[in-house]
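Numbering (the numbering used here), first residue to last: 4 to 369.
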């Protein structure tokens, strides 16, 4: 029988005893006689191996990285290989269309990975998010739904879902704690993307509760590093600053103009640190919950631009175009939950930007 075509299910006879239903739906309200729920044969559920038991990522684990060509996915692959993991499973977009439910479910059922790092996503800066709103919500929703549901069908032991700090309300208290999720309105410019990411972490949470899966979600702060997107219209603030400053230097410009006042504060995490945090959680058997991942410190946009100018060796002066809005005054994650488990970021901002600029010169700059 195909995993995608389930047979019609018999209705529960009226008057079915509560004890029988509570074993199938322990955390939900029981159906009434006027609105019965169907009995689901146990043969239709994937046969997981000890889902209630902790699993620890090991050298022998079969690991699928969705989005291995992206900034985060490629960093996870690099670190896994450096740590001696060899059973790593990847597919290019040409080899596997993650927006196709049939293709994804077939792939996961045939390959049966033990672990999945779900780093595949459509990402971009403010301009891209606000311009291509439908694309951002559709593509992210369908990819995460296909992989998370497909992982359950295939009996995957553990999955790590990569979200974004934009899931939190625009004006929530600082630093941002995990429990602030859904406590207020989102930032409007990237609301579709944020809603898709919230749906992904709620998928993980719901599958854990209903099916006993081991799916954990991580919410990184602003990431940067090798394989970043340096397109001025589609990228985030730091890679855009790197490119803009580099090109200003090549032209011999005397000034670098940055949008806004330069006063908003932002947090930045080097992507190799992000990969380390993801693997740390998997290696230590943490397979549920929501974890912020960041440095725990922030800088002003002015300070960020000055650091980039120093790394690029741009000797002009810095100016600000205040006709453009600043956006959120501050965005800093509270990382105490992850720190309590024993993990902290270790790459400083100047060091990280220096590495990122080297990667830009090698792989992006003309």
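We put the CB at the ideal spot given by N, CA and C, even for glycine.
Nonlocal neighbours in the same chain, by C-beta distance under 7 angstroms from residue 116, ignoring five residues either side
65, 66, 67, 92 and 159
Secondary structure of residue 256, DSSP reduced to three states:
coil
Please confirm whether any heavy atom of the ligand FMN lies closer than 7 angstroms to the CB of residue 331.
With respect to the ligand FMN, the structure shown offers nothing to examine, as it has no ligands at all.
With 16 other Cβ atoms within 10 Å as the buried cut-off, status of residue 339:
exposed
Could you tell me if residue 3 is buried or exposed, where buried requires 16 or more neighbouring beta carbons within 10 angstroms of its beta carbon?
Any property of residue 3 remains undetermined from this structure, which presents the chain solely from 4 to 369.
Measure the alpha-carbon distance for residue 244 versus residue 113 and round it to whole angstroms.
44 angstroms
Measuring alpha carbon to alpha carbon, tell me which of 330, 314 and 354 ends up nearest residue 191.
330
Secondary structure, alpha helix (DSSP H): runs of 4+ residues fully inside the segment 229-283
240-254
Going by beta carbon distance, what residues of the same chain come within less than 6 angstroms of residue 238, once the five residues before and after it are set aside?
128 and 232
Beta-carbon separation of residue 170 and residue 206 under 8 angstroms?
no
Whole angstroms is fine: what's the gap from residue 358's alpha carbon to residue 157's?
39 angstroms
Residue 355 burial status per 10 Å Cβ neighbour count (16 or more: buried):
buried
What is the residue span of the alpha helix (DSSP H) that residue 143 lies within?
136-157
Coarse secondary structure for residue 199, derived from DSSP in three states
helix
Answer yes or no: do residue 263 and residue 332 have a C-beta to C-beta separation smaller than 8 angstroms?
no
Decide if residue 347 is buried, meaning its Cβ has at least 16 other Cβ atoms within 10 Å, or exposed.
exposed
Can you tell which of 161, 349 and 353 has its C-alpha closest to the C-alpha of residue 275?
349
Cβ-based burial, residue 366 [other Cβ within 10 Å; buried from 16]
exposed
Could you check where the alpha helix (DSSP H) with residue 360 kicks off and where it finishes?
352-366
Alpha-carbon spacing of residue 136 relative to residue 202, whole angstroms:
16 angstroms
From the DSSP secondary-structure annotation, give me the bridge partner or partners of residue 323.
261
Which complete beta strand (DSSP E) runs does the segment 46-113 hold, if anything under 3 residues is left out?
66-69
What's the gap between the Cα of residue 364 and the Cα of residue 211?
44 angstroms
What is the DSSP secondary structure of residue 293, counted as helix, strand or coil?
strand
Within the same chain, show all residues whose beta-carbon is closer than 6 angstroms to that of residue 362, passing over the 5 residues directly before and after it, in chain order.
229
Is it buried or exposed for residue 182, if we count other Cβ within 10 angstroms and need 16 for buried?
exposed
Beta-carbon within less than 6 angstroms of residue 196's beta-carbon, same chain only, minus the 5 sequence neighbours each way: which residues are those?
132 and 139
N- and C-terminal bounds of the alpha helix (DSSP H) containing residue 339
339-342
Let's test the definition: count the other Cβ atoms within 10 Å of the Cβ of residue 154 and tell me whether it reaches 16, buried, or not, exposed.
buried
Nonlocal neighbours in the same chain, by C-beta distance under 7 angstroms from residue 172, ignoring five residues either side
183, 186, 187, 188 and 189
Name the one or two DSSP bridge partners that residue 333 has.
268
Backbone secondary structure at residue 210 - three-state DSSP:
helix
One question on the structure: do residue 418 and residue 259 come within less than 8 angstroms of each other, judged by their Cβ atoms?
It is not possible to answer for residue 418, since the shown part of the chain is limited to 4 through 369.
Local conformation of residue 316 per DSSP, three classes
coil
Residue burial classification, residue 318 (beta-carbon count within 10 angstroms, cutoff 16)
exposed
Can you tell me which residues form a DSSP beta bridge with residue 221?
165 and 294
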